[in-house]
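**Q** Residue numbers (full-length UniProt numbering): 1 to 400. Built from N, CA and C at the ideal position, the CB exists for glycine as well. Remember, it's a predicted structure, so these values are computed and weren't measured experimentally. Here you go, one structure.
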């Protein structure tokens with residue numbers, strides 16, 4: 001809340017209007033004192049007073065003083081809409097110039113101190129009653145507070161507008177890359193407009209919307225983040241080193257994210273497709289079996305490519321499963337499930353009983369008993385390398 005937004009009367013209402021008549025002929029003197037003090041007090045304004053900078057500063061101070069001298073004895077606001085826009089414009093200009101607002105506010109404070117000191121001296125010399133000096137000071141500093149508030153507002157508005165525009169351009173760039181419809185020149189132009197350095201290789205990250213809070217901050221400005229209807233997708237520079245991978249894992253920790261395979265930017269749609277496929281496979285695995293392995297917090301699609309390949313043609317794999325697992329048709333469903341699980345681990349561990357027993361949490365003798373059942377059911381096929389490979393393939397694909 002700015003001073004003028006409060007319900008109480010402004011401090012200059014109690015000032016006699018004659019104070020303006022006393023100070024107005026001395027405006028040039030007060031301006032000169034301010035022009036000398038501001039560069040001394042504020043390093044960013046320590047520039048030669050010749051040229052546009054000096055002229056602009058001199059004119060701005062004179063206008064501010066002239067406006068202030070219209071206020072004593074009235075309840076008028078410190079700034080009318082037009083003059084408020086002027087000081088908001090100064091704040092906008094500071095942001096556009098890449099400067100912090102502190103220097104401008106410090107210049108306002110310096111000007112207020114000099115104005116009060118000089119005005120008080122003039123008033124005392126003219127025999128103004130001492131009880132006028134305090135409200136004079138209050139009025140000057142309240143007025144400067146209004147100027148400062150207008151500039152702060154302008155600075156914030158410009159910042160929000162520019163940042164909003166940058167984010168809009170970054171989102172547009174991400175969508176262009178993900179849709180794969182733009183030319184190389186178009187992507188380069190969009191990346192330049194978004195202020196984003198296009199990495200030679202990138203990866204797509206996908207996660208649920210409810211897990212994406214603070215994602216932009218966690219990934220940093222090197223990532224593009226897009227909120228879609230059902231998920232949030234980020235484009236990140238490819239984590240090609242162990243350190244980069246650790247940094248990415250740290251940023252994604254606890255979010256259940258899936259990181260797509262590394263691709264050139266023009267193959268990002270394929271990285272996204274494989275990422276979405278991996279998410280679907282993980283969800284299917286979680287719903288298909290109560291004993292499905294626990295999903296890692298962060299999934300890298302590169303670690304699941306074999307699983308994706310297995311499920312690329314599910315109908316073909318299903319046909320192969322019907323043929324290769326036919327010897328298990330004679331068993332009851334529960335027995336068939338146990339034997340199929342045993343066969344999978346027996347193939348994975350090259351027939352070693354102890355690793356199979358450890359994987360299934362059963363006794364090695366039980367492994368031996370089940371393998372005997374399997375050999376009776378499959379016969380010599382279990383010793384055929386081609387058939388063993390096909391059995392492993394269909395079992396890995398989840399068929400039982």
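So, at 6 Å on beta carbons, what are the nonlocal neighbours of residue 257 in its own chain, with the 5 sequence-adjacent residues on each side left out?
**A** Cβ within range, chain order: 205, 207, 298.
**Q** In angstroms with no decimal places, state the Cα-to-Cα distance between residue 276 and residue 104.
**A** Taking the straight line joining both Cα atoms gives about 51 Å.
**Q** Whose C-beta lies closer than 8 Å to the C-beta of residue 16 among residues of the same chain, with five residues either side of it excluded?
**A** Closer than 8 Å at the Cβ level, and outside the excluded window around residue 16, lie 72, 73, 132.
**Q** Would you tell me roughly how many angstroms separate the C-alpha atoms of residue 382 and residue 388, rounded to the nearest one?
**A** Each residue's Cα considered, the two are about 6 Å apart.
**Q** Starting from residue 39, trace the alpha helix (DSSP H) in both directions and tell me its first and last residue.
**A** Where residue 39 is concerned, the enclosing alpha helix (DSSP H) stretches over 27-41.
**Q** Start and end of the alpha helix (DSSP H) containing residue 190?
**A** Here the alpha helix (DSSP H) through residue 190 covers 184-194.
**Q** Give me the residue from 140, 101, 102 with the minimum Cα distance to residue 117.
**A** Checked all of 140, 101, 102; the closest Cα to residue 117 is 140.
**Q** What residue range does the beta strand (DSSP E) around residue 208 cover?
**A** Run containing residue 208: 201-208, per the beta strand (DSSP E) assignment.
**Q** Mark residue 126 as exposed unless 16 or more other C-beta atoms lie within 10 angstroms of its C-beta, in which case mark it buried.
**A** By the 10 Å Cβ count, residue 126 comes out exposed.
**Q** Secondary structure at residue 80, three-state DSSP: helix, strand or coil?
**A** Correct three-state label for residue 80: coil.
**Q** Check the C-beta distance from residue 370 over to residue 338 and give it rounded, since I have them as a contact under 8 Å.
**A** That pair is a contact at about 7 Å.
**Q** Using 10 angstroms around the beta-carbon of residue 34, count the other beta-carbons present and answer buried if the total reaches 16, otherwise exposed.
**A** Buried: at least 16 other Cβ atoms inside 10 Å.
**Q** Name the residue from 57, 120, 317, 200 whose alpha carbon lies nearest to the alpha carbon of residue 392.
**A** Nearest of 57, 120, 317, 200 to residue 392, Cα basis: 317.
**Q** Would you tell me roughly how many angstroms separate the C-alpha atoms of residue 390 and residue 259, rounded to the nearest one?
**A** Each residue's alpha carbon lies about 29 Å from the other.
**Q** DSSP three-state call for residue 237: helix, strand or coil?
**A** Three-state result, residue 237: strand.
**Q** Is residue 379 buried or exposed, if buried means 16 or more other CB atoms sit within 10 Å of its CB?
**A** It is exposed - the Cβ of residue 379 has fewer than 16 other Cβ atoms within 10 Å.
**Q** Nearest-angstrom Cα distance between residue 196 and residue 78?
**A** When rounded, the distance between both Cα atoms is 43 Å.
**Q** Can you tell which of 85, 323, 99, 81 has the C-alpha that lies nearest to the C-alpha of residue 154?
**A** Per the Cα distances, 85.
**Q** Identify which residue in 171, 358, 278 has its Cα closest to the Cα of residue 410.
**A** With the chain running from 1 to 400 in the structure shown, residue 410 is simply not present.
**Q** Is there contact here, the region 207-218 with the region 239-248, by at least three beta-carbon pairs under 8 Å?
**A** Counting Cβ pairs under 8 Å, fewer than three are found: no touch.
**Q** When the Cα atoms are used, what is the spatial distance from residue 290 to residue 334?
**A** Below a pLDDT of 50, predicted positions are generally treated as unreliable, and residue 290, at 45, falls in that range; the measurement from the model is reported next regardless. So the alpha carbons of these two residues sit roughly 14 Å apart.
**Q** Give me the residue from 164, 265, 156, 9 with the minimum Cα distance to residue 202.
**A** Closest by alpha carbon: 265.
**Q** Smallest Cα separation from residue 347: which of 311, 361, 385?
**A** Of 311, 361, 385, the residue nearest in Cα terms is 385.
**Q** Could you check what DSSP says for residue 331 in three-state terms: helix, strand or coil?
**A** Coil.
**Q** According to the neighbour-count rule (16 or more other Cβ atoms, all chains shown, within 10 Å of its Cβ), is residue 239 buried or exposed?
**A** Residue 239 is buried by the Cβ-count criterion.
**Q** Quick one, are the C-beta atoms of residue 31 and residue 62 less than 7 Å apart?
**A** In this structure, residue 62 lies closer than 7 Å to residue 31 by Cβ.
**Q** Report the residue ranges of all alpha helix (DSSP H) runs contained in full by the region 213-267; include only those spanning at least 4 residues, in chain order.
**A** Correct list: 215-219, 242-252.
**Q** Three Cβ pairs or more, each shorter than 8 Å: is that satisfied between the region 148-166 and the region 88-97?
**A** Taking 8 Å as the limit for Cβ pairs, the verdict is that the region 88-97 does touch the region 148-166.
**Q** Note down, in chain order, each residue of its chain lying with its Cβ closer than 7 Å to the Cβ of residue 235, except the 5 sequence neighbours on either side.
**A** If we look at residue 235 and ignore the five residues flanking it on each side, its Cβ neighbours are 174, 177, 202, 204, 223, 224, 268.
**Q** Check each candidate in 41, 123, 143, 130 and name the one with the smallest Cα separation from residue 80.
**A** For the residues 41, 123, 143, 130, the minimum Cα distance to residue 80 belongs to 143.
**Q** Give me the Cα-Cα distance between residue 171 and residue 187, rounded to the nearest whole angstrom.
**A** Near 12 Å, if we compare the C-alpha coordinates of residue 187 and residue 171.
**Q** Rounded C-beta distance between residue 27 and residue 65? I'm assuming under 8 Å.
**A** Indeed, because the Cβ distance is near 5 Å, the residues count as touching under 8 Å.
**Q** Compare the C-alpha of residue 351 against each of 368, 169, 167, 300 and name the closest.
**A** Looking at the Cα atoms, 368 is the closest of the given residues.
**Q** According to DSSP, simplified to helix, strand and coil, what is residue 86?
**A** In this structure, residue 86 counts as helix in the three-state DSSP scheme.
**Q** What residue from 255, 100, 82 has the CA that sits closest to residue 43's CA?
**A** The option with the nearest alpha carbon to residue 43 is 100.
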